[in-house]
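Notes for the one structure printed next.
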Amino acid sequence: MDGGGDRTLHSSNVAVIQEIYDGPNSQEYFAMELEKALDSCCTIIVIEPPQLGDETARWITVGNCLHKMAVITGVSSLLTGFLWPQHIIGQAPLTVFSVLCTGLYTASWQFDHCVKYQVERDARKLARLPILSALTAASPVVLVRKDDTRRKILHCTVSITAAVLCIYRLYSTAK
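41 is the number of the first residue of the sequence shown in the numbering used here; add one for each residue after it.
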């Protein structure tokens with residue numbers, strides 16, 4: 041134990057948020073334990089309470105979706121701009137959507153500790169975790185800490201490049 045109650049920290053830097061209901065405020069307690077685990081930058085976080093695990097997994101999934109949409113629409117905008125340079129009508133909406141997704145992701149997720157984590161769903165990788173045999177929950181949510189620097193650079197670069205190209209095309213058209 042680490043002074044955080046029922047959250048167990050293992051030598052391999054794994055935090056387990058156990059599903060132990062001690063009173064009416066158990067959900068708030070679980071959320072506090074998750075925040076402590078995120079703040080301590082654990083490599084792996086296992087969330088046993090199903091409600092907290094589902095909410096966290098959904099939050100991470102929404103962030104992943106915004107990231108992917110920013111990249112896909114940004115690349116589509118760039119391709120549209122290069123393949124049909126005279127048709128700004130196809131490029132502009134894609135650029136706007138890419139920039140909006142990047143802006144929303146940056147504003148909502150950049151300072152959230154969950155941005156550094158991904159939900160591990162690969163059964164083979166999960167089976168290799170020795171801690172899973174000691175868990176009490178049937179299907180815990182497992183978060184794995186990942187470096188997201190390249191991901192942020194990718195979607196920001198793609199969106200900014202698409203915006204610059206679109207603005208240039210609009211300027212050239214208006215001239």
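All C-beta atoms in this analysis are idealised placements derived from N, C-alpha and C, irrespective of residue type, glycine included.
Looking only at C-alpha atoms, which of Leu-123, Ser-138, Ile-128 and Ala-214 sits nearest to Leu-194?
When only C-alpha atoms are compared, the closest one is Ser-138.
Ignore the nearest five residues each way along the sequence and tell me which others in Thr-201's own chain have a CB closer than 8 Å to its CB.
Hits under 8 Å: Gly-114 and Leu-118.
Could you spell out where the alpha helix (DSSP H) holding Leu-194 opens and where it closes?
Its alpha helix (DSSP H) spans residues 189-214.
Return the residue from the list Glu-59, Tyr-145 and Thr-213 that minimises the CA-CA distance to Asp-188.
That would be Tyr-145, whose Cα lies nearest to the Cα of Asp-188.
Is it true that the region 150-167 meets the region 95-111, where meeting means three or more beta-carbon pairs spaced less than 8 Å apart?
The answer is yes - the region 95-111 touches the region 150-167, with three or more Cβ pairs under 8 Å.
Using the DSSP secondary-structure output, state which residues sit across from Val-182 in a beta bridge.
The partner list for Val-182 (beta bridge, DSSP) reads Val-86.
By alpha-carbon positions, which one of Leu-169, Phe-122 and Ser-80 ends up nearest to Arg-209?
Residue Phe-122 is the option with its Cα nearest to Arg-209.
Excluding the 5 residues flanking Thr-142 on each side, which residues of the same chain have their C-beta closer than 7 Å to its C-beta?
For Thr-142, where only same-chain residues beyond five positions count, the Cβ hits under 7 Å are Ala-110, His-195, Cys-196 and Ser-199.
Would you list, in sequence order, the uninterrupted alpha helix (DSSP H) runs of no fewer than 4 residues that lie entirely inside the region 92-123?
Within the region 92-123, no complete alpha helix (DSSP H) run reaches 4 residues.
Please classify Ala-147 as buried or exposed, where buried requires at least 16 neighbouring CB atoms within 10 angstroms.
Ala-147 should be labelled exposed.
Ignore the nearest five residues each way along the sequence and tell me which others in Gln-91's own chain have a CB closer than 7 Å to its CB.
Around Gln-91: Gln-67.
Would you mind sorting Gln-150 into buried or exposed? The rule is 16 or more other CB atoms within 10 Å of its CB.
Gln-150 should be labelled exposed.
Would you kindly report the start and end of the unbroken beta strand (DSSP E) that includes Tyr-157?
Per DSSP, Tyr-157 belongs to the beta strand (DSSP E) from 157-159.
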